[in-house]
Amino acid sequence: MRESAMLRSSYKICLCLSSMLVFAGSGFAQDAAVPGADGDSVWQWLFDGSDLDRWREYNKDGPISPAWVVEDGVLAFQPDRKTSPDSVGIITREQFADFELELQWKISAGGNSGIFFHVTEHEGMVRPSLTGLEMQILDDDRHRDGAEPKTSAGSAYALYAPSRTTVRPVGEWNLARIVSVGGRVEFWLNGERIVEFDRDSEDWRQRYAASKFSAPPFEHFGVARRGHIGLQDHADPVFFRNIRIRRL
């Protein structure tokens, strides 16, 4: 049993390292291009530019708010099209445990949004941020959260600051990548690894205990190791394209 688990872990590590090498050598440093072309057969599109069939609103089933617009291959959140003041964060219909996620995003001037993972749903909860870990999307120069490293673009929101600044200017596409295997998590932005942490570590436990997430209404935050991918309604325009994932 122990040997089998070790082999499984070794396989996942090798798979992650392989994807990192392809990622680093694919020209992304020159442009936030379409996510890597390696091993397309194992990748699953979550948004290929055509529709939102693989998504729904958090804790709801039915038509997605008209604030989420698909146009010219881009998924845009346009808050002026909301028909209700309620949050309309969206999540994938499928759930994922160990995975590699790639997507492109760009933010509006002064804007704020986020990418969530391991999102779970519970009665009375109204948004993905109550349960899922977040990779922050932000205009660092114009939004107040940009002044604090742990809430700046690319951070594991309110928990881990990015090790370097790699975010592109407002209006330009950024290539984001999240890898989660067991308790280990990596955030990559525009070809560079900027955040890494272990959810089974004492460091994680201390940061969690000192954060807002250790008190209600966040009692389910960061608990699940399997859940939905989510995109945030933070009342600011934000744009996504080429969203895909593979299980590890």
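In terms of my numbering, the sequence shown has 82 at position 102, counting the first letter as 1, and numbering is strictly consecutive.
From the three backbone atoms N, C-alpha and C, an ideal C-beta is built for every residue, glycine too.
If you're wondering where the values come from, they're calculated on a predicted model, not measured in any experiment.
Reduced DSSP category for residue i - H, G, I as helix; E, B as strand; rest coil
i: Trp184; result: helix
i: Leu139; result: coil
i: Lys130; result: helix
i: Arg144; result: coil
i: Ser194; result: helix
i: Val22; result: helix
i: Ser64; result: coil
i: Leu110; result: helix
Contact under 9 Å by Cβ, residue i with residue j
i: Gly126; j: Leu118; result: yes
i: Val218; j: Gly91; result: yes
i: Val49; j: Arg61; result: yes
i: Asp213; j: Ser30; result: no
i: Ile225; j: Phe79; result: yes
i: His98; j: Thr111; result: yes
i: Leu55; j: Leu211; result: yes
Residue closest to residue i, alpha-carbon to alpha-carbon, out of the options
i: Gly163; options: Ala47, Met115 and Gly202; result: Gly202
i: Met105; options: Ala47, Gly69 and Ala190; result: Gly69
i: Leu81; options: Asp213, Ile209 and Phe220; result: Ile209
i: Val172; options: Arg226, Thr145 and Leu211; result: Note that residue 172 corresponds to Glu in the displayed sequence, not to Val. Per the Cα distances, Thr145.
i: Thr100; options: Ser194, Arg205, Trp184 and Trp35; result: Arg205
i: Lys130; options: Ala47, Asp41, Leu228 and Ala190; result: Ala190
i: Ser45; options: Arg34, Asp52, Pro59 and Gly53; result: Pro59
i: Arg34; options: Pro65, Gly42, Gly53 and Arg73; result: Arg73
Proximal residues to residue i (C-beta, below 6 Å), its chain only, five neighbours per side dropped
i: Glu114; result: Gly94, Phe96 and Tyr137
i: Arg187; result: Leu139
i: Trp168; result: Arg157
i: Ser143; result: Ile174
Other residues of its chain near residue i: CB distance less than 8 Å, five sequence neighbours each side excluded
i: Ala12; result: Because the pLDDT of Ala12 is 43, which lies under 50, any placement of that residue in the model is unreliable, and the question is left without a value.
i: Val165; result: Leu113, Ala136, Ile158, Val159, Val175, Glu176, Phe177, Asp178 and Arg179
i: Phe75; result: Residue identity check: residue 75 is Gln in the sequence provided, not Phe. Contacts found: Arg206, Gly207 and His208.
i: Asp183; result: Phe177
i: Ser194; result: Tyr188
Buried versus exposed call for residue i [16 or more other C-beta atoms within 10 Å across all chains shown]
i: Val22; result: exposed
i: Phe8; result: Caution applies to Phe8, whose pLDDT of 32 falls short of 50 and renders its modelled position unreliable; the value that the coordinates give is listed next. Phe8 should be labelled buried.
i: Ala133; result: buried
i: Glu37; result: buried
i: Gly88; result: According to the sequence shown, residue 88 is Ser rather than Gly. Per the 10 Å Cβ criterion, buried.
i: Pro108; result: buried
i: Trp25; result: exposed
i: Leu1; result: Because Leu1 carries a pLDDT of 45, less than 50, the predicted location of this residue cannot be relied on, and the following value inherits that uncertainty. It counts as exposed.
i: Asp120; result: buried
Contacting residues, own chain, Cβ-Cβ under 7 Å from residue i (five flanking each side not counted)
i: Thr63; result: Ser45 and Pro46
Proximity test, Cβ basis, 9 Å: residue i and chain C
i: Leu81; result: Among the chains of the structure shown, chain C does not appear; only one protein chain is present.
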